[in-house]
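Asker: Note that the working numbering gives residue 107 to position 104 of the sequence shown, counting from 1, and the numbers run on in steps of one.
C-beta atoms are modelled at their ideal positions from N, C-alpha and C, and glycine is treated no differently.
Being a predicted model, the structure only gives us computed values, none of them experimental.
Before I ask anything, here is the structure I am working with.
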Amino acid sequence: MEIHSSGFPNFLQPTQNKILDNKVTVAVIDTGISPERLENPVMLPGINLSGQGMADDTTDSGNHGTAIAKTILSIAPDTRLVPIRLMNRRGSLRKREKVEEAFDWILEHRESLGIQIVCAAFADFSHSTSDVEYRGSRLQKQIATLREMNVVTVAPVGNWYQEFRRKSSQGMAWPAIIREVISVGEVERREDGLWLTRRTQRLHVTLGTGCQTTVFTKSGQLGNTSGAAAVVVGKIATLIQTSSLISHTEIIFGLLENQQMASDENGLNWSSVDLESKWGL
């Protein structure tokens with residue numbers, strides 16, 4: 004990954020659309036959000052694509068989406084939330100095409116709502132080392148288009164490492180495997196430092212597939228890699244609001260500016276952001 008601190012190319016420059024009060028807006032693709040379970044959230048209109056209930060009913064059909072929102076707000080409390088209810092009450096996705104429908108909606112409403120981050124805190128049951136099968140797909144093009152508009156997409160790498168490790172010691176789930184995504188894995192602090200958790204999937208840059216896990220962090224109260232992704236979304240929201248970082252490249256640079264290295268059982272080192280001391284996670 005090539006990272007620059009200055010001299011960004013034109014397509015990475017900030018868009019003309021600005022949020023007047025400097026608050027960051029996050030679209031949360033999940034089970035919905037129940038604002039009454041949160042502390043004074045700023046909610047913007049979203050959409051229900053789950054196939055259950057009315058199109059404007061974005062209340063949480065389970066608990067996951069609200070827990071994701073709570074994690075984000077614990078780090079960036081001024082963040083605006085746009086709920087996109089996609090999963091059903093069991094947290095299941097009926098059709099993959101619904102994800103593309105959600106991203107179409109985000110592209111359509113990005114400017115009017117000021118969306119700057121997409122939190123896609125879900126993963127399928129896969130363990131890929133490359134995104135070759137997704138290159139040119141509708142979703143890949145949607146995420147790439149958002150990236151050019153300075154809207155970042157964050158997704159967890161998946162929690163199935165123990166199930167896949169004998170087949171392959173490295174891999175990530177979809178959609179995190181798509182290289183335009185900021186992919187997030189989970190670490191834990193032990194007596195001898197930061198270590199990848201047993202469940203987190205992972206993909207190292209040295210494998211040379213053009214894809215890699217962007218960053219690892221602790222998962223907070225929610226747990227697992229979706230919790231870690233929510234933590235990173237909160238951190239990115241803070242970076243955008245306080246440091247005026249906007250482009251995908253700038254944001255990754257900001258995330259990794261004070262990185263620590265985490266270890267795994269295979270002797271590899273991984274870029275990690277330990278937010279515990281700063282954010283109380």
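In this structure, how does DSSP classify residue 180 when only helix, strand and coil are distinguished?
Answerer: Within the sequence shown, the letter at position 177 stands for residue 180. Three-state DSSP puts residue 180 in coil, outside helix and strand.
Asker: What does a CB cutoff of less than 7 Å around residue 52 pick up in its chain, not counting 5 residues either side in sequence?
Answerer: Locating residue 52 in the sequence shown gives position 49, where the first residue counts as 1. Excluding positions up to five away in sequence, the list reads 87, 88, 89, 101, 104, 105.
Asker: Tell me whether residue 27 sits in a helix, a strand or coil according to DSSP, three-state version.
Answerer: Against the sequence shown, residue 27 aligns to sequence position 24. Of the three classes helix, strand and coil, the one that applies to residue 27 here is coil, per DSSP.
Asker: Using the rule of at least 16 other Cβ atoms within 10 Å of the residue's Cβ for burial, across every protein chain shown, is residue 153 buried or exposed?
Answerer: Looking up residue 153 in the sequence shown gives position 150. Residue 153 should be labelled buried.
Asker: So which of 50, 26, 25, 27 has the shortest CA-CA distance to residue 36?
Answerer: For the purposes of this step, residue 36 is taken as residue 33 along the sequence shown, with counting starting at 1. Out of 50, 26, 25, 27, 50 has the C-alpha closest to the C-alpha of residue 36.
Asker: Given a cut-off of 9 Å on the beta-carbon distance, is the pair residue 212 and residue 132 in contact?
Answerer: Mapped onto the sequence shown, residue 212 falls at position 209. Mapped onto the sequence shown, residue 132 falls at position 129. Contact: yes.
Asker: Of the residues 198, 229, 96, 177, which one's Cα is nearest the Cα of residue 137?
Answerer: Position 134 of the sequence shown, counted from the start, is the residue given in the question as residue 137. It is 177.
Asker: Taking residue 187 as the reference, give the member of 262, 127, 216 with the closest Cα.
Answerer: The sequence position of residue 187 within the sequence shown is 184, counting from 1. Minimum Cα distance to residue 187 is reached at 216.
Asker: Quick check on the burial criterion: 16 or more other C-beta atoms within 10 angstroms. Buried or exposed for residue 48?
Answerer: As a position in the sequence shown, residue 48 is number 45, starting the count at 1. So residue 48 counts as exposed.
Asker: Ignore the nearest five residues each way along the sequence and tell me which others in residue 45's own chain have a CB closer than 6 Å to its CB.
Answerer: As a working mapping, residue 45 is identified with position 42 in the sequence shown. Taken in chain order, the residues that qualify are 83.
Asker: Under 8 Å Cβ to Cβ from residue 247, same chain only, skipping five residues before and after it: list those, please.
Answerer: Position 244 of the sequence shown, counting from 1, holds the residue named residue 247. Contacts found: none.
Asker: Which residue spans inside the region 20-102 form an unbroken alpha helix (DSSP H) run of at least 4?
Answerer: Qualifying alpha helix (DSSP H) stretches, in chain order: 67-78.
Asker: For residue 70 and residue 112, what's the separation of their Cα atoms in angstroms?
Answerer: The residue you call residue 70 lines up with position 67 of the sequence shown. The residue you call residue 112 lines up with position 109 of the sequence shown. Residue 70 and residue 112: Cα-Cα distance of roughly 24 Å.
Asker: What are the partner residues of residue 122, as DSSP defines its beta bridges?
Answerer: The sequence position of residue 122 within the sequence shown is 119, counting from 1. Paired residue(s): 31, 157.
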